[in-house]
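Our numbering applies: residue 409 is where the sequence shown begins, and numbers increase by one.
Okay, so here's the structure we're looking at.
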Amino acid sequence: MRSPQFRQPLDPVRVALEGGLRGAVVTPSLHICAAIVSPSANRLLAFTSNGALLWQHDMGGSPFSFCAFTLRLSPSGTLWLGLEDRICAFDEDGHAWGEVLIDFGPRERLGNFLPTQDGFFVSIFKDGY
Numbered sequence: 409m410r411s412p413q414f415r416q417p418l419d420p421v422r423v424a425l426e427g428g429l430r431g432a433v434v435t436p437s438l439h440i441c442a443a444i445v446s447p448s449a450n451r452l453l454a455f456t457s458n459g460a461l462l463w464q465h466d467m468g469g470s471p472f473s474f475c476a477f478t479l480r481l482s483p484s485g486t487l488w489l490g491l492e493d494r495i496c497a498f499d500e501d502g503h504a505w506g507e508v509l510i511d512f513g514p515r516e517r518l519g520n521f522l523p524t525q526d527g528f529f530v531s532i533f534k535d536g537y
């Protein structure tokens, strides 16, 4: 039997974003973090649950890259942002505190990734495939 809670109307919080949403996660403190790409800037943003902007980082890079801006949350609560050549770590306050560089072969770049307790599972794209 369905719970009556699922029949309640939603009152969504609306946030206008310039560009396309590449990924979003909810942190342990219920902040919403989003990776946004647009022709003018690529950004990592964090919002409160009522839509107020907490922080943002302009990340550079091409908005047309297929592999850029994969966003994940590790089991420990670290926010990880995948760029074409590295995976960057951020805390919930938006402070960048580290990065993982990946040894790519010729014409390779970062695809998708998944943080684990002791490292990462990483897929690598090779140009032409």
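Glycine included, each C-beta is placed from N, C-alpha and C at the ideal position.
Helix or strand or just coil, what does DSSP make of residue i?
{"i": "T486", "result": "coil"}
{"i": "R422", "result": "coil"}
Give the range of the beta strand (DSSP E) segment to which residue i is assigned.
{"i": "N520", "result": "E516 to T524"}
{"i": "F498", "result": "R494 to F498"}
{"i": "Q464", "result": "L461 to D466"}
{"i": "A504", "result": "A504 to L509"}
{"i": "G513", "result": "Counting along the chain, G513 falls outside any beta strand (DSSP E), and DSSP gives it neither H nor E."}
Nearest by alpha-carbon distance to residue i: which of the options is it?
{"i": "C496", "options": "R422, T478, L425 and G513", "result": "T478"}
{"i": "N458", "options": "C441, L452 and R451", "result": "C441"}
{"i": "E500", "options": "L487, E507 and L491", "result": "L487"}
{"i": "V433", "options": "V423, K534 and R480", "result": "R480"}
{"i": "A460", "options": "Q416, L491 and R422", "result": "R422"}
{"i": "L522", "options": "L438, H503, P483 and A504", "result": "P483"}
{"i": "S446", "options": "V508, L452 and G428", "result": "G428"}
{"i": "D466", "options": "T435, L438 and H503", "result": "H503"}
{"i": "D535", "options": "L462, G485, D526 and G519", "result": "G519"}
{"i": "L425", "options": "D526, G485 and R451", "result": "R451"}
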